[in-house]
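Engineer:
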Amino acid sequence: MKSTDINIPLALILALILTILMGCNKTIEEVRNTKVNQPITKDEKVEESEDISQLDFISSDGTTIMERFNPPEGYERISYEKESFGYFLQRLPLKAFGEKVYHFDGREKTREVHISVIDMDTGDRDLQQCADAIMRLRGEYLYHSEQYEKIHFNFTNGFTAAYIKWLEGYRISVDNNEVNWYLGTTYDDSYETFRKYMDIVFAYAGTLSLSKELIEVESLEQMKAGDIFIKGGSPGHAVIVVDVVINPETNNRLFLLAQSYMPAQDMHILINPTDEHLSPWYSIEFDTLVTPEWTFDKTHYMRFQD
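Sequential numbering of the sequence shown, starting at 703, is according to the numbering used here.
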């Protein structure tokens, strides 16, 4: 292999180091649309099982999570009430099987860690990263079920951005670490206005602030769709459980995980890098949860309060 000399500006090196150290967390002062992408080589690519599309529990023509991913033998899918978050997640639309993950700017993600891509826009700015994707899914569920009063997320400085005020025409001003509401327009509950609200949340919230809004779950045996594994801080990351199946004889549960990452990219269903025969399902029987781009322990297992 040929070797060539590459002169990398010192400023770029420092920027890359800062991006890696920050993980998915962010502070109130960050400018989210100027982040530097982390370089990933082809050697880092996570290879999925060559015949995974032929496995009994993958239906490549399925258009939603519950249609595409069948329970492995001996397992049954857990059902949820129609108006619940779990019901919503199981029915998330998926892009065609085999679709790639793309960054917000249209570039293809080099590192393949997914089995399917969720069919939901990312936006055209570097905003919807890891915790943001979870807040987006939660917000979408509450918006479409018209539970507007439950849509609220905290910024990293503790400010609560409540959608109920946003749709009444109030807007948010940010001056350094000072955040305030002001009346900027009239009542508008359109989806377009909701998306603008979510973007402002993405800009000033992150893994640290989201982790403080969640509650710990005592046991993995209580797992349900909508639960979250989250490491708040710098660095930090978060993934969300989007489906759960159970073996009625052993009570063991398997689950699917979804994530976004840095830079902002399509939300996607993760492969299981430690068990290609079970992938994309994960078992609750673990000491450390190893995902393709992050490792969690049981103390990182949380869920929304309602």
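Beta carbons are placed, not taken as given, at the ideal position from N, Cα and C, and that holds for glycine.
Just so it is clear, the structure is predicted and the values come from calculations on it, not from any experiment.
Quick one: residues in its chain with C-beta nearer than 6 Å to the C-beta of GLU775, no 5 flanking neighbours on either side, listed in chain order?
Structural biologist: If you number the sequence shown from 1, residue 775 lands on position 73. Correct list: empty, nothing qualifies.
Engineer: Can you give the Cα-Cα distance for ALA905 and PRO950, rounded to whole angstroms?
Structural biologist: The count along the sequence shown starts at 1 and reaches residue 905 at position 203. The count along the sequence shown starts at 1 and reaches residue 950 at position 248. Answer to the nearest angstrom: the Cα atoms are 43 Å apart.
Engineer: Rounded to whole angstroms, what is the Cα-Cα separation between GLY898 and ASP807?
Structural biologist: The residue you call residue 898 lines up with position 196 of the sequence shown. The residue you call residue 807 lines up with position 105 of the sequence shown. Correcting the residue type first, residue 898 is Lys in the shown sequence and not Gly. Looking at the two C-alpha atoms, the distance is approximately 18 Å.
Engineer: CB-CB under 8 Å to ILE971, same chain, minus the five flanking residues each way: which ones, in chain order?
Structural biologist: Reading the sequence shown from its first residue, position 269 is the one you call residue 971. Counting only Cβ-Cβ distances below 8 Å, and skipping sequence neighbours, we find ILE767, PHE771, LEU796, HIS816, ILE817, SER818, VAL819, ILE820, VAL944, LEU958, LEU959, ALA960 and PRO982.
Engineer: Which class does VAL815 belong to by DSSP, given the choice of helix, strand or coil?
Structural biologist: In the sequence shown, the residue the question calls residue 815 occupies position 113. Residue state, collapsed to three classes: coil.
Engineer: In or out: SER921 buried (at least 16 other Cβ within 10 Å) or exposed?
Structural biologist: By one-based count along the sequence shown, residue 921 stands at place 219. Label assigned to SER921: exposed.
Engineer: What residue from ILE917, PHE759, ALA927 and ARG793 has the CA that sits closest to HIS1002's CA?
Structural biologist: In the sequence shown, the residue the question calls residue 1002 occupies position 300. Here the closest residue by C-alpha is ILE917.
Engineer: I'd like to know if ASN974 contacts chain B, where contact means its C-beta is closer than 8 Å to some C-beta of that chain.
Structural biologist: Judged by its chain identifiers, the structure shown contains no chain B, having just a single protein chain.
Engineer: What are the start and end residues of each continuous beta strand (DSSP E) run of 3 or more residues lying completely inside the region 818-876, in chain order?
Structural biologist: The region 818-876 contains these whole beta strand (DSSP E) runs: 854-856 and 862-864.
Engineer: Indicate the three-state DSSP secondary structure (helix, strand or coil) for PHE904 in the structure shown.
Structural biologist: As a position in the sequence shown, residue 904 is number 202, starting the count at 1. Helix.
Engineer: Can you find the residues in the same chain that come closer than 6 Å, C-beta to C-beta, to GLU851, ignoring five residues on each side of it along the sequence?
Structural biologist: Here residue 851 is taken as the residue at index 149 of the sequence shown, counted from 1. Only ILE866 meet the Cβ criterion.
Engineer: By the three-class DSSP mapping on this structure, what secondary structure does LEU980 have?
Structural biologist: The residue you call residue 980 lines up with position 278 of the sequence shown. If DSSP states are grouped into helix, strand and coil, LEU980 belongs with coil.
Engineer: Whose C-alpha, out of ALA907, ASP828 and ALA863, is nearest the C-alpha of GLN967?
Structural biologist: Taking the sequence shown and counting its residues from 1, the one referred to as residue 967 is at position 265. Residue ASP828 is the option with its Cα nearest to GLN967.
Engineer: Would you kindly work out how many angstroms separate the C-alpha atoms of SER781 and GLY860, rounded to a whole number?
Structural biologist: Residue 781 sits at position 79 when you count from the first residue of the sequence shown. Residue 860 sits at position 158 when you count from the first residue of the sequence shown. When rounded, the distance between both Cα atoms is 35 Å.
Engineer: Could you check what DSSP says for THR896 in three-state terms: helix, strand or coil?
Structural biologist: Start at 1 with the first residue of the sequence shown, and residue 896 comes out as number 194. Per the sequence shown, the amino acid found at residue 896 is Phe instead of Thr. Of the three classes helix, strand and coil, the one that applies to PHE896 here is helix, per DSSP.
Engineer: Should MET969 be listed as close to the ligand FMN, given that the test is whether its C-beta is under 7 Å from any heavy atom?
Structural biologist: For the ligand FMN, the structure offers nothing, since it holds no ligand at all.
Engineer: Under the DSSP definition of a beta bridge, which residues are partnered with SER762?
Structural biologist: On the sequence shown, residue 762 is found 60 positions in, with the first residue counted as 1. Partner(s): none; SER762 has no beta bridge.
Engineer: Quick one: Cα of ASP823 to Cα of HIS979, how far?
Structural biologist: Locating residue 823 in the sequence shown gives position 121, where the first residue counts as 1. Locating residue 979 in the sequence shown gives position 277, where the first residue counts as 1. In a straight line, the C-alpha of ASP823 is about 31 Å away from that of HIS979.
Engineer: Tell me where the beta strand (DSSP E) around PHE931 begins and ends.
Structural biologist: Position 229 of the sequence shown, counted from the start, is the residue given in the question as residue 931. 930-933 is the extent of the beta strand (DSSP E) around PHE931.
Engineer: Just how far apart, CA to CA, sit THR993 and PRO975?
Structural biologist: If you number the sequence shown from 1, residue 993 lands on position 291. If you number the sequence shown from 1, residue 975 lands on position 273. Their backbone Cα atoms lie some 6 Å apart in a straight line.
Engineer: Have a look at ASP901 and MET925 and give me their C-alpha separation to the nearest angstrom.
Structural biologist: Start at 1 with the first residue of the sequence shown, and residue 901 comes out as number 199. Start at 1 with the first residue of the sequence shown, and residue 925 comes out as number 223. Approximately 29 Å between the Cα atoms of the pair.
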